[in-house]
Amino acid sequence: MEGLRRPAPAEDTVRYRLFAAEPGGPGAGPGGEAELRSCAEAIVLRFAPLLAAYIWQRQPFRLRYVPPRGETPAHIGGTTLFGDNVEDEWFIVYLIREITREFPGLAARIDDNDGEFLLIEAADFLPKWLNPENSDNRVFFYKGELHIIPLSETEEQEGELSAAALTVSEALAQLCSRSEECLAAEPVRRAVYKRISGYPEKMEASFHRAHCYVPAGIVAVLRQRPSLVAAAVQAFYLRAPGDLRACRSFQTFPAEDRVMTVVTFTKCLYAQLMQQKFVADRRSGYTLPLPSHPQYKAYELGMKLAHGFEMLCSKCGKASPDSKRDVLSSPQWERFLSSLKEKHYFKGELQGSAKYLELLHMAEDYFQTSISKPESFVEVSPGDEILTLLQTSTIDLKELEREAASLPAEDDDSWLEITPDDLDKLLKEARNESLPSSDEEEQNYDLQAVAEGMKAFVSKVSTHEGAEMPWSSDESCVTFDVDSFTKALDRILGAESEELDSDDLDEEQQFDFSDEGDEDFNAENQRQDHNISPDELIGSLKSYMHEMDHELAHTNMGKSFTTQKKGASCVKASTSASANCGAEEPDLAAVDVDVNLVGNLLDSYSAQCGLAGPTSNILQSMGLYLPDNAHQLHSSREATE
Numbered sequence: 001m002e003g004l005r006r007p008a009p010a011e012d013t014v015r016y017r018l019f020a021a022e023p024g025g026p027g028a029g030p031g032g033e034a035e036l037r038s039c040a041e042a043i044v045l046r047f048a049p050l051l052a053a054y055i056w057q058r059q060p061f062r063l064r065y066v067p068p069r070g071e072t073p074a075h076i077g078g079t080t081l082f083g084d085n086v087e088d089e090w091f092i093v094y095l096i097r098e099i100t101r102e103f104p105g106l107a108a109r110i111d112d113n114d115g116e117f118l119l120i121e122a123a124d125f126l127p128k129w130l131n132p133e134n135s136d137n138r139v140f141f142y143k144g145e146l147h148i149i150p151l152s153e154t155e156e157q158e159g160e161l162s163a164a165a166l167t168v169s170e171a172l173a174q175l176c177s178r179s180e181e182c183l184a185a186e187p188v189r190r191a192v193y194k195r196i197s198g199y200p201e202k203m204e205a206s207f208h209r210a211h212c213y214v215p216a217g218i219v220a221v222l223r224q225r226p227s228l229v230a231a232a233v234q235a236f237y238l239r240a241p242g243d244l245r246a247c248r249s250f251q252t253f254p255a256e257d258r259v260m261t262v263v264t265f266t267k268c269l270y271a272q273l274m275q276q277k278f279v280a281d282r283r284s285g286y287t288l289p290l291p292s293h294p295q296y297k298a299y300e301l302g303m304k305l306a307h308g309f310e311m312l313c314s315k316c317g318k319a320s321p322d323s324k325r326d327v328l329s330s331p332q333w334e335r336f337l338s339s340l341k342e343k344h345y346f347k348g349e350l351q352g353s354a355k356y357l358e359l360l361h362m363a364e365d366y367f368q369t370s371i372s373k374p375e376s377f378v379e380v381s382p383g384d385e386i387l388t389l390l391q392t393s394t395i396d397l398k399e400l401e402r403e404a405a406s407l408p409a410e411d412d413d414s415w416l417e418i419t420p421d422d423l424d425k426l427l428k429e430a431r432n433e434s435l436p437s438s439d440e441e442e443q444n445y446d447l448q449a450v451a452e453g454m455k456a457f458v459s460k461v462s463t464h465e466g467a468e469m470p471w472s473s474d475e476s477c478v479t480f481d482v483d484s485f486t487k488a489l490d491r492i493l494g495a496e497s498e499e500l501d502s503d504d505l506d507e508e509q510q511f512d513f514s515d516e517g518d519e520d521f522n523a524e525n526q527r528q529d530h531n532i533s534p535d536e537l538i539g540s541l542k543s544y545m546h547e548m549d550h551e552l553a554h555t556n557m558g559k560s561f562t563t564q565k566k567g568a569s570c571v572k573a574s575t576s577a578s579a580n581c582g583a584e585e586p587d588l589a590a591v592d593v594d595v596n597l598v599g600n601l602l603d604s605y606s607a608q609c610g611l612a613g614p615t616s617n618i619l620q621s622m623g624l625y626l627p628d629n630a631h632q633l634h635s636s637r638e639a640t641e
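Residue 196 in the UniProt record's numbering sits at position 196 of the sequence shown, with consecutive numbering throughout.
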């Protein structure tokens, strides 16, 4: 089957594929390849302002024509290695959704090395029939909405949850013919859409601008190719011991011509650069001022960034300086630039101004790396691109020094530090839970809700796949069938010989210690047990429990439980003929289950001392939060008792 043959994407890689959803859609006719290629170019032109302004961690978003293979029809798609920045993956999810909205003839599939990660995001709200075995080729973005193709009526009636996976062609046919039925449930869509909410404004919030003291050559390179900062950071962050040999002499970026500048990172890149401790080789010339120096951080960042650029250049040879000029003189670049101007990419900046040139260089950068390269093109290494840019750039050191005197302020990096309270808030927000203030939390929590929530948890059905939490979206009732219970009890207590376990039969044959009198006695008892009615069996069990209560009442175990008050016992036992407010048995009072449950939970929660533990984990999974004040917990318990 297709699902078994298709290899999973590589680690930290997201794969996206756009198919012609309708028979008359792009790519469905005889000229399908040309139509799909034209569609890919139209998509890039439509979303050029977003794509050109983004800094990718490892690889950019790219669309290529993919010929048909096996049961998978021709389509356009690609893969992107997002590395440590998972926000790149979710930005691509946003792009795919918007593409299917703008191009309604396309249906999109997206997955990564974890599989259907969209379903993982909405795991709390998925239908019960959906599992990893039957989810392949069932999840699509179509016309801007998330769709999940359901099981067929036959499969649903027969309960075949491990049904054969759909082929892409079968899935597309169902998606077009009954798109309303395939629309994912509102809670599922809400969970996925919340994860990509905030785009495209969220792009700007993902950037961090910082002052860096770097060689003038790096300033010139980054002005033309801002995205190369990601390659330099990765080279430094993932360096091997042998990579630092080139950083002893710094042939490409010596330390003598350094200037202060502003470098735009993503927050992930900035954090990677900041959090690594590193001491440069003394021979490199990259010395740092004292940590108390006001520009110490700029010196340190510049030193690390220079090491990354030097390591990239040390791994390549000479590049052709004409490659960039050839690419930017093509008709495709002219169409791309015209599309940017139509969509106000340059934000009204005057042509030739510093901001205009910065945006232009970002557009050229994206065009060269993501659009102009054909499928057979051998990708140029970042080091080769850096050397090419250095050969074609004119570096005016005095002009750079004048600009350094009036740099804009850098961004605040306090977001790097997170307090335990901030972490708790983020975790609760991720679970769609609203976090009340500490005062409200201490005043409004309800111990009765804790007891009821725990009872609801115990009442839920659990299987080998796990236990259902009370807040599960599928609130199916747990029913109790009295007849089935009594029949099962009858089978257990009055088992016939043919129902005995085979191991028990073997033991009886191997160890025959019974004589004929015992056999007759056992047979007689078995016949008597068989004639006992279910009501008599339940009554017998109650008598056993009654005797056990008598035995435990005067022990330390019995005294450790909190019992109900006499008046409460009368009210709760008024419907039972065997309980008369303790008149017949004054020494045997009913145990208050709620009070004992809450008391034990509070004791366990207090013993956690504010750390994670079984009680807090179970209660939080049910949406119940206890205050951190241990004194108030014990006070509440005393009031309950």
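The beta-carbon is built from N, C-alpha and C at its ideal position, and this holds for glycine as well.
(message) Suppose the cutoff is 8 Å on Cβ atoms and the five residues either side in sequence are ignored; what does the same chain contact list for Gln295 look like?
(response) His211, Tyr213, Met260, Pro289
(request) Please work out which residues of its chain come closer than 6 Å, Cβ to Cβ, to Arg283, disregarding the five sequence neighbours upstream and downstream, and give them in chain order. (result) Arg248
(message) Using only the alpha-carbon positions, how far apart do Val188 and Thr100 sit?
(response) 18 Å
(message) Run through the DSSP bridge pairs and tell me what Thr259 is partnered with.
(response) Note that residue 259 is Val in the sequence shown here, rather than Thr. Beta-bridge pairing links Val259 to Val214.
(message) With a threshold of 6 Å on Cβ separation, who are the neighbours of Pro200 within its own chain once the five nearest residues in sequence on each side are excluded?
(response) Leu50
(request) Return helix, strand or coil for Asp112, following the three-state DSSP convention. (result) strand
(request) Measure from the alpha carbon of residue 644 to the alpha carbon of each residue in Ile618, Val593, Val591, then state which is nearest. (result) Lying outside 1 to 641, the shown extent of the chain, residue 644 is not represented and no answer is given.
(request) Go ahead and label Glu310 buried or exposed: buried means 16 or more other beta carbons lie within 10 angstroms of its beta carbon, across all protein chains shown. (result) buried
(request) Only counting runs of 3 or more residues, tell me where the beta strand (DSSP E) segments fall wholly within the segment 55-116, in order along the chain. (result) 64-66, 75-81, 106-112
(message) Using 8 Å as the cut-off, can you tell me whether the segment 231-249 makes contact with the segment 180-198, which would need three or more C-beta pairs spanning the two stretches below that distance?
(response) no
(request) With DSSP collapsed to three states, give me the class of Tyr199. (result) coil
(request) Run the CB neighbour count on Leu168, radius 10 Å, all protein chains shown included, and call it buried at 16 or more, exposed below. (result) In the sequence on display, residue 168 carries Val and not Leu. Looking at its Cβ environment, which holds 16 or more other Cβ atoms inside 10 Å, Val168 is buried.
(message) For Arg17 and Ala108, I'd like the C-alpha separation in whole angstroms.
(response) 6 Å
(message) Just verifying my parser: in three-state terms, what is the DSSP assignment at Glu153?
(response) helix
(request) Within 10 angstroms of the Cβ of Thr287, are there 16 or more other Cβ atoms? Answer buried if so, exposed if not. (result) exposed
(request) Just confirm the distance between the C-beta atoms of Tyr345 and Ala48, as a whole number of angstroms; I'd bet it's less than 8 Å. (result) 7 Å
(message) I'd like the list of long-range same chain contacts for Arg64, defined as Cβ closer than 8 Å, with 5 residues on each side in sequence excluded.
(response) Ala40, Ile76, Gly77, Gly78, Glu375
(message) Below 8 Å on the Cβ atoms is my contact criterion, and I expect Leu305 with Ile218 to pass it. Report the Cβ-Cβ distance as a whole number of Å.
(response) 7 Å
(message) Suppose you measure from the CA of Ser38 to the CA of Asp413; what does that come to, to the nearest Å?
(response) 43 Å
(message) Can you check which of these residues, Asp384, Phe61, Ile149, is closest to Thr392 by C-alpha distance?
(response) Asp384
(request) Would you check whether the ligand NAP has a heavy atom nearer than 6 Å to the C-beta of Ala240? (result) Annotation note on the ligand NAP: not contained in the displayed structure, which lists no ligands.
(message) Among the candidates Val279, Ser314, Leu312, whose CA atom is the shortest distance from the CA of Glu300?
(response) Val279
(request) Give the DSSP bridge partners of Thr264, in chain order. (result) Arg209
(request) Only counting runs of 4 or more residues, tell me where the alpha helix (DSSP H) segments fall wholly within the segment 269-316, in order along the chain. (result) 296-314
(message) Quick check: the Cα distance between Arg15 and Asp114, rounded to an integer number of angstroms?
(response) 11 Å
(request) Please state whether DSSP places Arg223 in a helix, a strand or coil. (result) helix
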